[in-house]
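Take 865 as the starting number for the sequence shown in the working numbering and just add one per residue.
Each residue gets a CB set at the ideal place from its N, CA and C atoms; glycine is no exception.
Predicted model, so just to flag it, every value in this text is computed and none were measured.
Comments concern the structure below.
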Amino acid sequence: MTGFARGSGKRDGDVWHGLPGRQVRSSRAESRGVVPDCDQAAKWLGIGAAKRDRISLANFGMLYDKGCGVPHDEHEALGLFMESANLGVGQAQFNLGVYYRDGKGTEADAVQSYFWFSVAARENFPQARDRAGKMRKLLTPAQIAETDRRVALWKPERAPEYVIR
């Protein structure tokens, strides 16, 4: 998460209209050096996450990871990353690799870590290929073969469609 801007509040009435994409974009800072407003980020990303917006889910997970605008809760972050990763978000897939590697919000699991780093690498997420290679060294040939098979079969879920009313 790289900053959320404190604004005039004018967005509340005329921009939001219930569209998660607008909520995600509007929750981000427009430039560097902006004072973070974690409460506003949590408010708008929470709305987007409740609608299963895939990017909102990943970013809301980061807020829980950092304890920014919401309580620090690695288990909650893990769940949000999982939902976002299953919708095809590379950052969330990479974050799951880290969480399973480090045992954050769950038991450490080298196989799961390798799986999610490999999925993120397949999606061309930066650093994922290197991390997958490091985790691969910890696995048996049978674990590698089975996990590589699962990665080859893995497909993201279809993201929800939004209806403008």
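Apart from sequence neighbours up to five positions away, the residues of its chain that approach L942 with a beta-carbon distance below 8 Å are G925, L960, Y963, K968, G969, T970, ordered along the chain. Residue environment analysis places G931 among the exposed positions, since fewer than 16 neighbouring C-beta atoms fall within 10 angstroms of its C-beta.
Non-local beta-carbon contacts of I1008 in its own chain, meaning distances under 7 Å to residues more than five positions away in sequence, involve R1000 in chain order.
Exclusion of the five residues before and after L1003 leaves A974, V975, Y978, T1011 as the residues of its chain whose Cβ lies within less than 8 Å of its Cβ.
Residue state for T970 is assigned as coil, using DSSP reduced to three classes. Comparing C-alpha distances from R1014 to each of W980, Y928, P935, L944 shows the shortest one belongs to W980.
R918 and W1018 have their C-alpha atoms spaced approximately 17 Å apart. For R1022, no alpha helix (DSSP H) run applies, since DSSP gives it neither H nor E. Bounds of any alpha helix (DSSP H) do not take in L1003, whose DSSP letter is neither H nor E.
In the three-state scheme derived from DSSP, where H, G and I count as helix and E and B as strand, D994 is classed as helix. In this structure, Q955 sits away from V983, with a CB-CB distance that is not shorter than 8 Å. With fewer than 16 other Cβ atoms from the protein chains shown falling within 10 Å of its own Cβ, Q991 counts as exposed. For A985 and P1005, the gap between their C-alpha atoms comes out near 20 Å.
Look at R1014 here: in three-state DSSP terms it is helix. For P935, the closest of K915, A1023, M946, C902 by C-alpha to C-alpha distance is C902. If you draw a 10 Å sphere on the C-beta of D929, you find 16 or more other C-beta atoms in it, and that means buried.
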